[in-house]
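Asks: Residue numbers (the numbering used here): 35 to 248.
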Amino acid sequence: MDSAAVRLRMVEKIAAQGVSNPVVLRAMSEVERHLFVDSALVNQAYEDTSLPIGLGQTISKPSVVARMIALLLDVAPSGRLGRVLEIGTGCGYQAAVLSRVASEVYSMERLQGLHDKARSNLRPLRIPNIHLLLGDGMLGYPAGGPYAAIISAAGGDQLPQPWLDQLAVGGRLVAPVVVAGGKQALVVVDKTRQGYSQQLLEAVHFVPLKSGLA
Ligand code: SAH
């Protein structure tokens, strides 16, 4: 497959949906999403759809990955991110995109099978600033913080307190949360010296945030 050409078309569609940040669009055009999905799904890798990655989990839609990272960059003074905490490594795709816009990426996964899959997907790419962690992301990872950005690929009923605690002042968190009727919406939280400010954005559909390891 001429993956550069199909990836460019994917990025054009993402831009048409309103993501204009050139840093995000470049990162999305550089990371080869087809390397993160099973071989049977390779020809769907650049469609704007979530795809199964095993153990009942999914790789997020590219447009949603781009949208969430663009939201994080909206408040980054230098146009890039410092240390980032990602909850839900899954296959490692979003971590690879994040690694191109952030100084360090700490990515947590609670399922051993997917933690291992991400490790083997990422190994050949030799990305030095991704730290894969097997652990309950609801607890965050204080040793890597405080974080300029926290991004979750799994949605719970509320935001775990450790995420708020581990966010740096001036930092931003983007995550799905369950709202009325059991549906999910994206929530953005900014941490300031005075406290937190929260915005509820569009409806989204992510896998559930679960506690503990498996
Ligand atoms: N960013 C991923 C998306 C994976 S789907 C990618 O690019 O592929 C979300 C992932 O969140 C799933 O793998 C799920 O196992 C994981 N997850 C759910 N609750 C979690 C928790 N408490 N800690 C860490 N990972 C969690």
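No residue lacks a Cβ here, since even glycine has one placed at the ideal position from N, Cα and C.
Could you work out which residue in 154, 138, 124, 110 is closest to residue 118 when comparing CA atoms only?
Replies: 138
Asks: What are the boundary residues of the alpha helix (DSSP H) that residue 45 is part of?
Replies: That run of the alpha helix (DSSP H) goes 37-50.
Asks: Between residue 127 and the ligand SAH, is the CB less than 8 Å from at least one heavy atom?
Replies: yes
Asks: Residue 116 to residue 183, Cα distance in whole Å?
Replies: When the Cα atoms are used, residue 116 and residue 183 turn out to be separated by approximately 8 Å.
Asks: Is it true that the region 174-189 meets the region 200-211, where meeting means three or more beta-carbon pairs spaced less than 8 Å apart?
Replies: The region 174-189, when compared against the region 200-211, does touch it at the 8 Å Cβ threshold.
Asks: Which class does residue 178 belong to by DSSP, given the choice of helix, strand or coil?
Replies: helix
Asks: Jot down the residue ranges of each uninterrupted beta strand (DSSP E) in the region 133-188, minimum 3 residues, whole runs only, in chain order.
Replies: Counting only runs of 3 or more, we get 136-143, 164-168, 181-186.
Asks: Unbroken beta strand (DSSP E) runs of length 3 or more, entirely within the region 48-112: which are they?
Replies: 85-88, 91-93
Asks: Could you tell me whether the Cβ atoms of residue 94 and residue 140 are closer together than 9 Å?
Replies: No, they are not a contact pair.
Asks: Would you list the residues sitting across from residue 117 in a DSSP beta bridge?
Replies: 138
Asks: Could you compute how far the alpha carbon of residue 200 sits from the alpha carbon of residue 178?
Replies: The straight-line gap from Cα to Cα measures roughly 9 Å.
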